[in-house]
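Single-structure report; data block below.
As structure tokens, this is what we get:
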């Protein structure tokens, strides 16, 4: 069968383009990176643990995909800048930034913290909100200098649409991401840099094992699917497909959008 140029472009919409995914070593970030790479994109997987992102990038390269690893901590301005600059250098430019790095904390705001652990307010705000600000600020010059049709996608949370008790710090940080997304969409429109957000619901990722024992995490996730109107919890690929849609240069009239991907959970029908 003969493949026309149009058909080939549809199969590889990101050919010749480059993207950085922060928090790309596992879970949703890795799924986003893999899906973008399958569309022809060169990707940089960013994360604090060098060994994790290097292993993840190696796995993608073994599949014939273009992937590099860039270690760094987006919770500091210098760490974010180093990560972004390394990604642009390795990929010879940057056309998309996906801000996926994040931490989760649950518990009453008034509860006393462990004096031997970081203050959860500082931890969550530093990574989930300031990390997005720092990485985006560092990426803007590279996106302006890119191939045109640049895109920023921020990973927020459906909790900003349907809040729950004992998630106030996390929800507040993610609500800041939502406001930042809308403001930057207006700010960067003149540069033809689109800024959108994806708001996932409960998704099966390793993050739950950081707040509860692994066996409890499995039981929680398996049982929670019954609460979701569409009958199951999310998988990383559900979120990845939404991010890829927003990154696609063909969708160049979408900016400032908040795309909720939660199986209908935030509808409150349950």
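In our numbering, the protein residues as written are 59 to 328. C-beta: ideal position from N, C-alpha, C; glycine also. For clarity, every value in this text was computed on a predicted model and none was experimentally measured.
Could you name the residues that DSSP lists as bridge partners for residue i?
i	result
residue 103	79, 127
residue 292	261
residue 256	213, 317
Considering just the uninterrupted stretch of the alpha helix (DSSP H) at residue i, what are its terminal residues?
i	result
residue 92	85-96
residue 167	Neither: residue 167 is in no alpha helix (DSSP H) and is coded neither H nor E.
residue 183	Taken as a continuous stretch (DSSP letters only), residue 183 belongs to no alpha helix (DSSP H), as it is neither H nor E.
residue 120	108-120
residue 323	Per DSSP, residue 323 belongs to no alpha helix (DSSP H) and is neither H nor E.
residue 312	Note, residue 312: premise wrong, no alpha helix (DSSP H); not H, not E.
residue 280	272-282
residue 140	135-149
residue 192	189-202
So the beta strand (DSSP E) residue i belongs to, where does it begin and stop?
i	result
residue 154	154-157
residue 247	No beta strand (DSSP E) contains residue 247, which DSSP labels as neither H nor E.
residue 318	316-319
Compute the Euclidean distance between the alpha carbons of residue i and residue j, then round it to the nearest angstrom.
i	j	result
residue 99	residue 73	5 Å
residue 70	residue 250	22 Å
residue 241	residue 314	8 Å
residue 263	residue 217	17 Å
residue 294	residue 90	8 Å
residue 66	residue 97	Since pLDDT at residue 66 reaches only 43, below the 50 mark, its modelled position is unreliable, and the value read off the structure follows with that caveat. Whole-angstrom Cα-Cα distance: 11 Å.
residue 301	residue 278	26 Å
residue 178	residue 160	13 Å
residue 111	residue 256	22 Å
residue 246	residue 260	31 Å
residue 173	residue 165	16 Å
residue 187	residue 181	10 Å
residue 224	residue 233	15 Å
residue 153	residue 271	39 Å
residue 318	residue 215	8 Å
residue 157	residue 138	11 Å
residue 195	residue 85	25 Å
residue 60	residue 118	With a pLDDT of 34 at residue 60, under the threshold of 50, the predicted position of this residue should be treated as unreliable, though the coordinate-derived value follows. Cα-Cα distance, rounded: 29 Å.
residue 143	residue 273	39 Å
residue 79	residue 127	10 Å
residue 102	residue 306	17 Å
residue 220	residue 258	12 Å
residue 222	residue 145	36 Å
Count the other CB atoms, across all protein chains shown, that sit within 10 Å of the CB of residue i; report buried if there are 16 or more and exposed otherwise.
i	result
residue 88	buried
residue 122	exposed
residue 205	exposed
residue 75	buried
residue 310	exposed
residue 107	exposed
residue 105	buried
residue 248	exposed
residue 141	buried
residue 252	buried
residue 202	exposed
residue 289	exposed
residue 133	buried
residue 281	exposed
residue 296	buried
residue 389	As shown, the chain starts at 59 and ends at 328. That puts residue 389 outside it, with no answer to give.
residue 63	In this prediction, residue 63 has a pLDDT of 36, which is less than 50 and means its spatial position is unreliable; what the coordinates show is noted afterwards. It is exposed - the Cβ of residue 63 has fewer than 16 other Cβ atoms within 10 Å.
Say whether chain C places a C-beta atom closer than 9 Å to the C-beta of residue i.
i	result
residue 300	The chain labelled as chain C is not found in the depicted structure, where only one protein chain is given.
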